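Residue numbers (my numbering), protein chains in the order written: chain S, 16 to 439; chain D, 2 to 621. By construction, the Cβ of each residue, glycine as well, lies at the ideal position given by its N, Cα and C atoms. Just so it is clear, the structure is predicted and the values come from calculations on it, not from any experiment. Here's the structure, in structure tokens; my notes come after.
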């Protein structure tokens, strides 16, 4: 019993409080999203998403207790085992999985189904943390980098096989962890630059503006730094490469893709071009959020989300309900909660004494950050529509449990941080 | 190593939060476009279409009513795995037609795969009953009810007119801004003339709705809602039984029947032949049928009673007699020799007085009588004298409702033509024409045209002994009032005594030229006419009223290319009068004769007409 007292004393209650507030708010908003005024429904109704979400929340509590009871050494020791098991399940999904909403991502036992791809997140986080946490690990070794990219590449590829692009993209966020642990920022910058160039090429019809922009940046870069021959030559080659990328994107879009495929790509970038077709989700989502005003229409009073104008309103587009019914102030609370949670997780990660726990903490922060940024970003039209859930708010058992596991393994490790080094 | 990287990540997180809040601030607080879009999304201005007013006949029989119809809506996104062969089978269309429907759908400006769009318009009640049970086989298709016009009778098509969706030019011309695309509007006949009464008022209900347009309760508990007001019902002056009998008699013939109640100007029957079944121009098959009807060579949409114009022929001698008597240039005992060197005539006692001239329709008599009307020696110059005389005569005929539209309550009424001195000045030059130039007018030929409605109105004037009420088809607007101009008595300015004299002659004329028109027990006054037709056989014309001492019905009948007025037109008029006055027709032989439709002598019938008869060009 002494041990349990210890865990309650050492638990980071700030994080737990934020977690509880988020899960509770999420539950109310899921009810608001499916609420139908004409049918007298209760939030506990198990035929509704809100009733089922309550069940998932109850299961989460059991999962939390289990995580806290298990010895803290288990997570590092069993990291590869868990990772391997999840990869095996991911391999099974295309074979015996069932199809839900166009994605074959579910493993089902009877009417009960889970998405292994959701659990691959924490399994990969554990494996990556264990690998980086190995004694004598050096990030600048090319071999280590290759192994790390294989570790995130394999689950990504398996999830892509299930056609779940959104979840697969989440794994790219481990690059942030690698960056924190010493990888050169060059890779991130190149990736970011490539993405920006790709999007700009789609957005800007006249490519001469792009070429002009590249030229201006080149000149500024040359003027700002040292004017050695080698540097100027490297920058020029870089600029030429960018022009090449622009040309090839242009070629692929206009010559390789068929017209309807072109539209689809363009709609991803600019939904207003076809608000009734491909741009429907984002257009309707922005209408719902934008109509919320300062303080919203009030709980259960939203018209856009409730009347099905926004698709997936209780899962990927749950933020619309918040924006519509609780306005800018409601959105402010949610955004502040997420920023607070993320900063808190980084704070927790930084105070870990073992590298394993710190890397794991950063993995949790990165994954949460990716979900937070992409999900809210897409609902307000800052990102293309990528179907991933908003942690603790979106409806869905697998997602809720996955995020809960991610967070509470960190809390468990954190609670025992002073013991962590004793294992040596 | 890795110094400052923690801080970079913290800054990125905080910046992301700030970017989101700024963007949210813009779309939620600064841009009110989204709030408006949300309202137009979810607050549906649900227009409740009013019921169009019903149309009854004078005895309360229903003529036109509303029947439910159904639009088939599609939400394209929900249409998956459409069994198009089955769909074509259920909806009775070919695969090609279905493909065209989809192509049209995608081409529509307001089309969205997420929103319900009209796919098939105006399914009838019958169609709907057929497809209703199969509807669940086709995901993504929904039904929306409306109403369309339905007709209790297959007759009266042209007088009632038709209703169809408002056209783009009509919408552009509509200054009242009451109409919207997709609204129905009266396009001809009573439906068009009484549109403002029949259409009613739209109701508006603000409903909350979901993305499929399904109602989710009223907005602010209906504080802004208004109820629709049904259109006003019309009681027409038509006697349905008489109308149906008239169409029965005129079946297979080209012509017109107009029957009036002389004491009120009410139109009892208005038959235009050939006609069409009014139920063709309603519902789903409207556009197909409209093409059919409007391109038909017999011109069933041409409303002959109002729009066809013919020379009045011999019937006009009655008007000439009355003008002559009123002017004092004729007396009851004025006699002229039947001088066939002036115009041709038929055998009859010679010379005859005015009574006999009317009775035997003596052409030379009216030639000489008209000369007296025109040349009264008001000026020593014979040209000037003719002009003064014609102007004076034109005043009289104008008061008979000729030479200008009568103002019946239907659109597109023609005015016929009665020549003025201006007309002849234009044709021959000022001062270059005189009586000998215009003498054809004396017997109703020349530059003179009347419509069947005007001719029926002449019969009503005869019956009334000198006045008429503007003919009209609607006697009562429920909850409103008809135009007061239909209550104004129009005088011809001719002594009623002269009318009595002419009535006697008309009564006797029946026994001379139109023995088929005699109805046992009913004293009938009538006058035959034969409108000369340069394009083919002459048109048969008859004008009558009965009973003579208390006229209840005045009628004019035109049968094109049917020769003498005494045969087909007189027979039809007589049967109509018998039907109206006694309620049934006892003269079955005459009825059979009319229905058989062989009015020309065998020899004449065998000779082909000079050229195909066009139904309106022969009126010019």
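Straight-line gap, residue i to residue j (C-alpha atoms, nearest Å)
i	j	result
residue 380 of chain D	residue 386 of chain D	5 Å
residue 173 of chain S	residue 105 of chain S	6 Å
residue 97 of chain D	residue 474 of chain D	45 Å
residue 169 of chain S	residue 102 of chain S	8 Å
residue 146 of chain S	residue 21 of chain D	35 Å
residue 332 of chain S	residue 118 of chain D	26 Å
residue 41 of chain S	residue 171 of chain S	28 Å
residue 339 of chain S	residue 66 of chain S	22 Å
residue 463 of chain D	residue 321 of chain D	13 Å
residue 418 of chain D	residue 449 of chain D	5 Å
residue 60 of chain D	residue 67 of chain D	20 Å
residue 227 of chain D	residue 202 of chain D	10 Å
residue 389 of chain S	residue 110 of chain D	33 Å
residue 526 of chain D	residue 511 of chain D	7 Å
residue 422 of chain S	residue 363 of chain S	11 Å
residue 305 of chain D	residue 123 of chain D	31 Å
residue 245 of chain D	residue 156 of chain D	6 Å
residue 582 of chain D	residue 404 of chain D	31 Å
Per DSSP, the bridge partner or partners of residue i
i	result
residue 57 of chain D	D/63 and D/236
residue 30 of chain S	Answer by DSSP bridge pairing: none, since residue 30 of chain S is not bridged.
residue 166 of chain S	According to DSSP, residue 166 of chain S bridges with nothing at all.
residue 68 of chain D	D/149
residue 468 of chain D	D/492
residue 559 of chain D	D/257 and D/542
residue 271 of chain D	D/259
residue 75 of chain D	D/118 and D/142
residue 438 of chain D	None, per the DSSP bridge assignment.
Coil, strand or helix - residue i by DSSP
i	result
residue 102 of chain D	helix
residue 607 of chain D	For residue 607 of chain D, the predicted structure reports a pLDDT of 48, less than 50, and the residue's modelled location is therefore unreliable. The matter cannot be settled from this model.
residue 93 of chain S	coil
residue 109 of chain D	coil
residue 196 of chain S	coil
residue 61 of chain S	coil
residue 547 of chain D	strand
residue 401 of chain D	coil
residue 35 of chain S	helix
residue 286 of chain D	coil
residue 618 of chain D	Any reading at residue 618 of chain D needs caution, since the residue's pLDDT is 34, under 50, leaving its predicted position unreliable; the model's value is listed next. Helix, per DSSP.
residue 594 of chain D	helix
residue 309 of chain D	coil
residue 586 of chain D	coil
residue 264 of chain D	coil
residue 346 of chain D	coil
Range covered by the alpha helix (DSSP H) that runs through residue i
i	result
residue 446 of chain D	Per DSSP, residue 446 of chain D belongs to no alpha helix (DSSP H) and is neither H nor E.
residue 339 of chain D	Note, residue 339 of chain D: premise wrong, no alpha helix (DSSP H); not H, not E.
residue 151 of chain D	Residue 151 of chain D -> not in any alpha helix (DSSP H); beta strand (DSSP E) instead, spanning 142–152.
residue 508 of chain D	497–514
Boundaries (first-last residue) of the beta strand (DSSP E) holding residue i
i	result
residue 459 of chain D	Residue 459 of chain D -> not in any beta strand (DSSP E); alpha helix (DSSP H) instead, spanning 453–465.
residue 477 of chain D	475–478
Check: residue i C-beta below 7 Å from any heavy atom of the ligand GTP
i	result
residue 150 of chain D	The ligand content of the structure shown is nil, which means the ligand GTP is not present either.
8 Å Cβ cutoff, residue i in contact with chain C
i	result
residue 346 of chain S	In the displayed structure, chain C is absent; the protein chains listed are S and D.
Item to complete: Scan the segment 6–20 of chain D for residues whose Cβ lies nearer than 7 Å to a Cβ of chain S and list them as they occur along the chain.
Response: 6, 7, 10, 11, 14, 15, 17 and 18
Discussion item. Please list, in chain order, the residues of the segment 190–224 of chain S that have any C-beta partner in chain D closer than 8 Å.
Written reply: 191, 194, 195, 196 and 197
Practice prompt. Could you list the residues in the segment 421–435 of chain S with a C-beta less than 7 Å from some C-beta on chain D, going in chain order?
Written response: none
Worksheet item: Between the segment 23–37 of chain D and chain S, which residues of the former have CB atoms less than 8 Å from a CB of the latter, in chain order?
Response: 24, 25, 26, 28, 29, 30, 32, 34, 35 and 36
Worksheet item: Using Cβ-Cβ distances below 7 Å, what residues of the segment 258–278 of chain D are close to chain S?
Response: none
Worksheet item: Which residues, taken in chain order from the segment 296–317 of chain S, show a beta carbon closer than 8 Å to some beta carbon of chain D?
Response: 299, 301, 302, 303, 304, 305, 306, 307, 308 and 309
Item to complete: Below 7 Å between beta carbons is the criterion; list the residues of the segment 354–369 of chain S that meet it against any residue of chain D, in chain order.
Response: 354, 357, 358, 361 and 365
Discussion item. Using a Cβ-Cβ cutoff of 9 Å, what residues of the segment 391–407 of chain S are near chain D? List them in chain order.
Written reply: 391, 392, 395, 396 and 397
Worksheet item: If contact means a Cβ-Cβ distance below 7 Å, which residues of the segment 140–161 of chain S contact chain D?
Response: none
Worksheet item: Taking a cut of 8 Å between CB atoms, which residues from the segment 300–318 of chain D lie near chain S?
Response: none
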